[in-house]
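Chains as they are written, first to last, in this note's numbering: chain A, 900 to 1010; chain B, 40 to 152.
Written below as C-alpha cells is the structure these notes are about.
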C-alpha cells in the first residue's frame, strides 16, 4: 500500500492568516488529488495535479506537486471561516482503480 | 447534478445482526468503492468493484462482503455486526482512469450496540 502522510493533523487559525498543509510519501504517484470534507458530508474534489512541479490555483488556494511526484502541498491565503473542514490528499493505488487517502488535516478558521 | 446516494445517513444495529448498506450512483461509473472513516485513521478501503459482479478486497475486508448485481448499485454487507464496526461508511464512484474525480455519497454513520 502506498502511504500518504499528512501534516499537520490539526490546525486552528484566525481569519486572515495564511497556512500550508503537506502531503508526503516515499512512493512516486502518477497524480495526486486534494479533497475537502465538511462535517456530515462526503469528501469533494478540489484539484488534481499530474505533472511534477505543477502549480494550480483555485481562488485563494494554491496546490503544488513536488518535482519528484512524491509530495504535494496546499497553501491557503487569507483563510476564511468557510475554509473550515478536513483536507485530504489522495493518490491512485497500484491497481489504478481505487484511491489511497492520507489521514487528513483538520482545519478550523475562527472569525 | 451528479449523485452518489447512500440509503441511510444514520443506522443503529445490534451486535450479531446482518447489516446492508446500499449505494446508488447515476453517473454510469464502472468503479465503485466502500471506505470506512474513523478518527485518527482516515479513510480505509474495504472493497471495490470495477465492473458488475467483479470485486476486489481493499485493506480491511474482514467481516464485510459486497454485492454488485447492477452497474449503478454497490452494496456493503456486514455479515454479523460487531461493535468495532461502528464507524462512518462512505461509498464512492469514479470512471476507470487514474486522474478522474471520485464522487462520494453523504456517508452512513453506523452504530453497533
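For glycine and all other residues, C-beta sits at the position ideal for the given N, C-alpha and C.
Residue j beta carbon less than 8 angstroms from that of residue i
| i | j | result |
| --- | --- | --- |
| residue 921 of chain A | residue 908 of chain A | no |
| residue 82 of chain B | residue 147 of chain B | no |
| residue 149 of chain B | residue 50 of chain B | yes |
| residue 105 of chain B | residue 114 of chain B | yes |
| residue 151 of chain B | residue 121 of chain B | yes |
| residue 102 of chain B | residue 84 of chain B | no |
| residue 987 of chain A | residue 1000 of chain A | yes |
| residue 949 of chain A | residue 136 of chain B | no |
| residue 901 of chain A | residue 965 of chain A | no |
| residue 961 of chain A | residue 954 of chain A | yes |
C-alpha distance - residue i paired with residue j, whole-angstrom precision
| i | j | result |
| --- | --- | --- |
| residue 979 of chain A | residue 945 of chain A | 16 angstroms |
| residue 64 of chain B | residue 48 of chain B | 16 angstroms |
| residue 1044 of chain A | residue 915 of chain A | Nothing can be reported for residue 1044 of chain A: it is not among the residues displayed for chain A, which extend from 900 to 1010. |
| residue 931 of chain A | residue 923 of chain A | 11 angstroms |
| residue 108 of chain B | residue 132 of chain B | 15 angstroms |
| residue 928 of chain A | residue 72 of chain B | 20 angstroms |
| residue 13 of chain B | residue 77 of chain B | One cannot answer for residue 13 of chain B here, as it falls past the ends of chain B, which runs 40 to 152. |
| residue 910 of chain A | residue 1006 of chain A | 5 angstroms |
| residue 16 of chain B | residue 93 of chain B | Outside the modelled stretch of chain B, which goes from 40 to 152, sits residue 16 of chain B, for which no answer is possible. |
| residue 126 of chain B | residue 80 of chain B | 11 angstroms |
| residue 1002 of chain A | residue 110 of chain B | 30 angstroms |
| residue 58 of chain B | residue 124 of chain B | 11 angstroms |
| residue 140 of chain B | residue 940 of chain A | 16 angstroms |
| residue 95 of chain B | residue 69 of chain B | 13 angstroms |
| residue 142 of chain B | residue 134 of chain B | 10 angstroms |
| residue 144 of chain B | residue 938 of chain A | 13 angstroms |
8 angstroms Cβ cutoff, residue i in contact with chain C
| i | result |
| --- | --- |
| residue 911 of chain A | Going by chain labels, chain C is absent from the structure shown, which instead holds the protein chains A and B. |
Simplified DSSP assignment, three categories, for residue i
| i | result |
| --- | --- |
| residue 147 of chain B | strand |
| residue 79 of chain B | coil |
| residue 981 of chain A | helix |
| residue 961 of chain A | strand |
| residue 124 of chain B | helix |
| residue 70 of chain B | strand |
| residue 93 of chain B | strand |
| residue 134 of chain B | coil |
| residue 913 of chain A | strand |
| residue 999 of chain A | strand |
| residue 99 of chain B | coil |
| residue 52 of chain B | strand |
| residue 970 of chain A | strand |
| residue 903 of chain A | coil |
| residue 908 of chain A | coil |
| residue 990 of chain A | strand |
| residue 947 of chain A | strand |
| residue 44 of chain B | strand |
Of the listed residues the options, nearest to residue i (C-alpha basis)
| i | options | result |
| --- | --- | --- |
| residue 925 of chain A | A:984, A:994 and A:967 | A:967 |
| residue 75 of chain B | B:57, B:99, B:62 and B:93 | B:99 |
| residue 956 of chain A | A:942, A:941 and A:972 | A:972 |
| residue 983 of chain A | A:936, A:991, A:941 and A:927 | A:936 |
| residue 918 of chain A | A:992, A:976, A:993 and A:963 | A:976 |
| residue 997 of chain A | B:40, B:54 and B:88 | B:88 |
| residue 970 of chain A | A:951, A:942, A:913 and A:960 | A:951 |
| residue 43 of chain B | B:86, B:62 and B:90 | B:62 |
| residue 913 of chain A | A:943, A:934, A:981 and A:958 | A:981 |
Give me the subset of the region 949 to 970 of chain A whose CB atoms are less than 9 angstroms from a CB atom of chain B, sorted by chain position. 949
For the region 85 to 114 of chain B, which residues have a beta carbon sitting closer than 8 angstroms to at least one beta carbon of chain A? 87, 89, 95, 97 and 98
Proximal residues, the region 133 to 147 of chain B versus chain A, C-beta separation under 9 angstroms: 133, 135, 136, 137, 138, 139, 140, 141, 142, 143, 144, 145 and 146
Short-range partners of chain B found in the region 936 to 947 of chain A, where Cβ spacing is below 9 angstroms: 936, 939, 940, 941, 942, 943, 944 and 947
Members of the region 990 to 1002 of chain A near chain B, C-beta cut-off 7 angstroms: 991, 995, 996, 997, 998, 1000, 1001 and 1002
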